[in-house]
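Chains as they are written, first to last, in the working numbering: chain U, 491 to 837; chain D, 491 to 837; chain H, 491 to 837; chain R, 491 to 837. First up is the structure itself, then whatever we jot down about it.
There are 4 protein chains.
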Amino acid sequence: MTRVGILNVTGYAGSELARLLHAHPDVKLTAVTGRSAAGKRLPEVFPHLWQLDMPITESLDDASVDVVVSALPHGAAAAQLLPYIEGGVPVIDLSADFRLKRVDQYEHYYGVTHPAPQLLAGAVFGMPELHRSEIVGAKLIAAPGCHSTGVILALAPAFAAGLIERAVIADTKTGLSGAGRALGLNVHFSEADENVAPYGLDGHRHLPEMTQELGALAEAPAPEITFVPHYIPMTRGILSTCYARPAGRLAGMLPTEARIALMRAYLEFYENAPFVRVSGTAPSTKHVAGTNFAVVHPSVNLGTGRVVVACAIDNLGKGAAGAAVQCLNVMLGLPETAGLQQTALFP
Amino acid sequence: MTRVGILNVTGYAGSELARLLHAHPDVKLTAVTGRSAAGKRLPEVFPHLWQLDMPITESLDDASVDVVVSALPHGAAAAQLLPYIEGGVPVIDLSADFRLKRVDQYEHYYGVTHPAPQLLAGAVFGMPELHRSEIVGAKLIAAPGCHSTGVILALAPAFAAGLIERAVIADTKTGLSGAGRALGLNVHFSEADENVAPYGLDGHRHLPEMTQELGALAEAPAPEITFVPHYIPMTRGILSTCYARPAGRLAGMLPTEARIALMRAYLEFYENAPFVRVSGTAPSTKHVAGTNFAVVHPSVNLGTGRVVVACAIDNLGKGAAGAAVQCLNVMLGLPETAGLQQTALFP
Amino acid sequence: MTRVGILNVTGYAGSELARLLHAHPDVKLTAVTGRSAAGKRLPEVFPHLWQLDMPITESLDDASVDVVVSALPHGAAAAQLLPYIEGGVPVIDLSADFRLKRVDQYEHYYGVTHPAPQLLAGAVFGMPELHRSEIVGAKLIAAPGCHSTGVILALAPAFAAGLIERAVIADTKTGLSGAGRALGLNVHFSEADENVAPYGLDGHRHLPEMTQELGALAEAPAPEITFVPHYIPMTRGILSTCYARPAGRLAGMLPTEARIALMRAYLEFYENAPFVRVSGTAPSTKHVAGTNFAVVHPSVNLGTGRVVVACAIDNLGKGAAGAAVQCLNVMLGLPETAGLQQTALFP
Amino acid sequence: MTRVGILNVTGYAGSELARLLHAHPDVKLTAVTGRSAAGKRLPEVFPHLWQLDMPITESLDDASVDVVVSALPHGAAAAQLLPYIEGGVPVIDLSADFRLKRVDQYEHYYGVTHPAPQLLAGAVFGMPELHRSEIVGAKLIAAPGCHSTGVILALAPAFAAGLIERAVIADTKTGLSGAGRALGLNVHFSEADENVAPYGLDGHRHLPEMTQELGALAEAPAPEITFVPHYIPMTRGILSTCYARPAGRLAGMLPTEARIALMRAYLEFYENAPFVRVSGTAPSTKHVAGTNFAVVHPSVNLGTGRVVVACAIDNLGKGAAGAAVQCLNVMLGLPETAGLQQTALFP
């Protein structure tokens, strides 16, 4: 039994990690930390976790864990993870601190000086669908942002096969748990209920990681992504709708032919991806609620020939805690789906 | 591996049964039926169940199953279950057909002639918290109604200990999945959203089973329950708030003392009930979403001395499919919690 | 045109007042205050009020207003209203500061010393259905609490006619705007969504005003109210379900007869109440959203004979700002329904 | 007082029309029809309209009305409106029957033979922002579809000024009242709640009217719109997010300059449009709930230079009944805003 500790269990990604690790057959959750909640028991902060009656401590004793999963916010994560990384404890980080290869991009988007830029080169982007072999045995894994997960899964096969032009639109619709447990008028029930609005119109932090990862798949030059996220009145789930002009062999086809060619490329790309379901029909976030699955529906608009790909995930599942557990499995050589085989909670 | 078949998988109780049985370590879901959907695959009706790619048949071959769980509606259930019961196949029925001991009550409340009244005496009310020993090895188990589950769990310890008078109020607030998958303006999103209303003010069908079960615990005469259910704009969960005058030794106590005495009686009553959590604070349905747990909070109003007990369950979990699986476990001699140990999906 | 100023426009009661007064044909909203928002324009705080482009000031110049409506919180309200009251400016207060006749009850429930107890005797409880003649020409009106409004409207006719016993249950279900605009985990979308829970089980502040007002209608002794509010996942609306034993002539009747007698008493009591609709069917909060109407449905349980009365209001309408405008109309001798004749926003 | 009748009052557009016309100072709602509900009173179908206690008839006596507003579905509308049109009664039609100039497009998208194609040339597209002068005194006005309204308002100024290329993306997020009052699993609360999904990926019926109207503004060739609508879990509101490449003088500008130039073009275009608010910040549907307003936010993506315009409307307001009343006002020479000056119901 691999012993796992969670840093900063007190947010939604942290509590979802606790839920998943508690139910995992091959690992044992041995410790959880939380700054302001240190000294409390976990169910005092999350009553729904009464079966995990363990103390929340201020820090992790690295002798008590074999792997650290961090749900610390960016900035704090890199600083607090440094000792573990240097001590050789494998780390999976849910923050943005180790996602970007270019420290200038990190510092531009996050407005902080990176405390350990020397580690960026060795960190692996935690998306097994793109980096499975690098994750095996890795020591530092940076799980992707929730929006990035949906957009990258939606577009990776098309970019990899050269089937779309570089300029793409990514319009995402996310549930409010994506905003975290911190308080604010934007997550006040009375203001968020019955409402939809775009945000981040001046540039969202998940953009550079999308560009980095999709760019690595595409022929140069890098993708040019116009990304607009929207909050919608639900708790879990992200639907990413992506739009691109067809390129390569797709460009000359009739839309009906292009649909088939596109579908083939997606099926092939995700052939060995146990958590990506390529679907012939429009995806619904409710069909993946509580799971680590992504449903990806590639399509071609019959009127305009535009490639349209929709992808549904649970932002706390495949978009956060689920991805971390999937990486943990791959990293440790466990079955990739261990502890992640739940079907969705529906309705 | 016990082989289990589900009759009428096409509603919400049926799909929840499929979800739970699929994840159950000791049983195997081998067949599912559905009248109008016969001939389709299960994921065609419920896309979220793509991992359960099995055919929906018109009927169950009784050679293919060791136990039948029925999610058929009342009336249809008794008629279609008769052959299995007569053939000696153990049956767990989610309908009302075998819940009531008195056929006249059944026929009054449901407006149909009971097709097999001779079976009522032998049927066991499927609430292990009250009937665990009878469920072991039983052949015909009638799982309780969702409202009944909440109200009975809320009041059973108080009635059993003679701590409340017989006239009680049960005010329940239920999510809309309790109305089933059938269409109607009452479950139309635009009309149910942002709305709350009482229903069943002329008498709800779950009342006689509450009276029967609580009456069996209480000294004569039978409880007199004023039961008013309400639909509220959420999908899963029932909160039952029950009110009663203190009786017996509770009647003479100060409210602060009575709170302690009541809590003790509840803790004792549910000492061996793995799915009932007696709580010192107000329960929230969100803390049991997707689980078979009930949270019961017994209290005494400081101003009026009135006993107030609130109980939260997931109406599709402990209120339907979860209870059926719990009964299955007890019936088969499996651990009572097998396949039911998930923590809630929160938030 | 009567000039009206709003104190503390920055909460939900304040913004609803602004909406209603802006549309009122006989009054003019001339000034609004707000502590932290002073110096901003109203639409900066509430973008939906762009048509009311007026400054938020720190205080009201009493030369600029003929009437003051206060949405200040309790404690602050009495202190800040004192100068207006002493200066002879008519005041309608939405806080609890002038609702209770007994200063000891106020200080017990609100935990503060009342700054102007000498004014309590002269304040009028702002429910025209009970105090219309006192409101005409009054100088200090205390609008009722939102829960109190629903419960008092539900029970007043029965108490006034001596048709119910003194011990009653009031179980209310309220939308989350009732918790105000202040931030907290209890109104965090991700935690409030898909959830229902009771609160205030140790005693809610609206209780003494319910007891005071219903007690004034009933023969001695005073009503004994067990009041349990619940938050449900919607923004606006309160449904109050009240339970009582029949008394007086109702006690000896068959339930079917009692229903008719009860209905008659309610129709008579509310004969001249333009905002109370006595209904023969169960009320829905959605049918009064955005309005000052209350729908009251008196009933008698056919099985137990218990009187059950359900009342639906909009907590920000009849439960707060609407009631204030209705009082303003009556106070000023305007038509009672002026500015309040909107039909509900449905669906 | 102009007398107005509503054909087919029994859907959501119909009931919203009734709400608005009832409150309108210059018109009188004199008759309403409804096929299946004929013979009932209006409040029997919509209890929230108890103040409009009028009969629902099977047909309109054309002597009783000066103007007919139809909320009949497409196909039925043209057929039933023919007698009024031929009789010279002015008609405002909410269906698609008279929106498209090209009968072949109508018949392709709606799959029915148009019963009166000779009327198409004379019908006016009911968007005063584009066709105010033609609406004055018109006899047949076709109110736009809800999605079309948002997308056209979002893009009209840019196309009119030649500031965007012809290929655009229109990604809309709509509340479920847009699906109407008809029953279906797609509007079943338990399935629509906590869910988002695209629909109409094979081509949505509102597309040709968007193309027609935007095409009339643009230099040839016609716009090429990739339109993907999404249902999100709320009742009212549509947010339209539109994406286009800059063209003309915008193409050569820096994004920060282009933002200013774009904003100027929008402010100028909507200078005399009382219901369009050009906003410098992202729009929220909740800020227009219950109103006839549109909030349009033109922007330019700082990273990619792409033009991004977001528009928020109430789908039953500016997207349906509100637009009809606005057209009625313009048609009759009343103030354009008569009866439509409500501020939003917030929160």
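Virtual Cβ for every residue (Gly too), placed ideally from N, Cα, C.
Burial state of residue i, where buried means 16 or more other Cβ atoms lie within 10 Å
i	result
glutamine 608 of chain D	exposed
arginine 671 of chain U	buried
asparagine 805 of chain H	buried
aspartate 587 of chain R	buried
threonine 771 of chain U	exposed
serine 505 of chain R	buried
aspartate 692 of chain D	exposed
methionine 724 of chain D	buried
proline 825 of chain R	exposed
Inter-residue CB distance, residue i and residue j (contact presumed, cutoff 8 angstroms)
i	j	result
histidine 512 of chain H	leucine 542 of chain H	5 angstroms
isoleucine 659 of chain D	threonine 701 of chain D	Between threonine 701 of chain D and isoleucine 659 of chain D the Cβ distance is about 14 angstroms, and since that is not below 8 angstroms, they are no contact.
leucine 572 of chain R	alanine 606 of chain R	6 angstroms
isoleucine 496 of chain R	valine 559 of chain R	5 angstroms
leucine 835 of chain U	valine 815 of chain U	Not quite, the Cβ-Cβ distance comes to about 17 angstroms (not below 8 angstroms), so this is no contact.
alanine 508 of chain D	leucine 539 of chain D	6 angstroms
glutamine 790 of chain U	arginine 749 of chain U	Here residue 790 of chain U turns out to be valine, not glutamine, going by the sequence shown. That belief holds up - the Cβ atoms of valine 790 of chain U and arginine 749 of chain U are roughly 5 angstroms apart, short of 8 angstroms.
threonine 731 of chain R	valine 778 of chain R	Not a contact, Cβ separation roughly 16 angstroms.
Check whether residue i and residue j have beta carbons under 8 angstroms apart
i	j	result
alanine 503 of chain H	alanine 810 of chain H	yes
glutamate 619 of chain H	alanine 763 of chain H	yes
proline 788 of chain U	methionine 753 of chain U	yes
alanine 813 of chain R	glycine 612 of chain R	no
alanine 643 of chain U	alanine 784 of chain U	In the sequence as presented, alanine is not what sits at residue 643 of chain U; that position holds leucine. Yes.
valine 522 of chain U	valine 499 of chain U	yes
threonine 781 of chain H	isoleucine 728 of chain H	no
proline 713 of chain H	phenylalanine 759 of chain H	no
alanine 800 of chain H	proline 773 of chain H	yes
alanine 795 of chain H	glutamate 699 of chain H	First, the amino acid is wrong: residue 795 of chain H is glycine here, not alanine. Result no, Cβ atoms of glycine 795 of chain H and glutamate 699 of chain H do not sit closer than 8 angstroms.
arginine 695 of chain R	tyrosine 600 of chain R	yes
tyrosine 721 of chain H	tyrosine 756 of chain H	no
serine 667 of chain D	arginine 726 of chain D	yes
leucine 673 of chain H	glycine 501 of chain U	no
threonine 603 of chain R	valine 555 of chain R	no
leucine 704 of chain R	leucine 792 of chain R	no
valine 535 of chain D	histidine 678 of chain R	no
histidine 564 of chain R	serine 585 of chain R	yes
Residue interval of the beta strand (DSSP E) (run including residue i)
i	result
leucine 720 of chain U	Sequence inspection shows histidine at residue 720 of chain U; the leucine mentioned does not correspond to that position. Residues 714-721.
leucine 729 of chain R	728-736
serine 667 of chain H	Unbroken run through serine 667 of chain H: none, as it is neither H nor E.
histidine 787 of chain D	784-790
aspartate 594 of chain H	Taken as a continuous stretch (DSSP letters only), aspartate 594 of chain H belongs to no beta strand (DSSP E), being part of the alpha helix (DSSP H) at 593-600.
valine 766 of chain D	766-768
threonine 838 of chain R	This structure cannot speak to residue 838 of chain R, because chain R is shown only from 491 to 837.
Span of the alpha helix (DSSP H), counted from its first residue to its last, around residue i
i	result
serine 505 of chain R	502-512
threonine 492 of chain D	Run containing threonine 492 of chain D: none in the alpha helix (DSSP H); it sits in the beta strand (DSSP E), 492-497.
leucine 704 of chain R	697-707
Residues that residue i contacts on chain C, provided the C-beta gap is smaller than 9 angstroms
i	result
leucine 673 of chain H	Included in the structure are the protein chains U, D, H and R, with no chain C among them.
Is it a yes or a no for the stretch 629-637 of chain D touching the stretch 579-586 of chain D, going by three-plus beta-carbon pairs under 8 angstroms? They touch, by the three-pair rule.
Can you confirm whether the stretch 679-689 of chain D touches the stretch 738-755 of chain D when touching is taken to mean that 3 or more C-beta pairs between the two stretches lie within less than 8 angstroms? Taking a contact to require three or more Cβ pairs closer than 8 angstroms, the stretch 738-755 of chain D and the stretch 679-689 of chain D do not qualify as touching.
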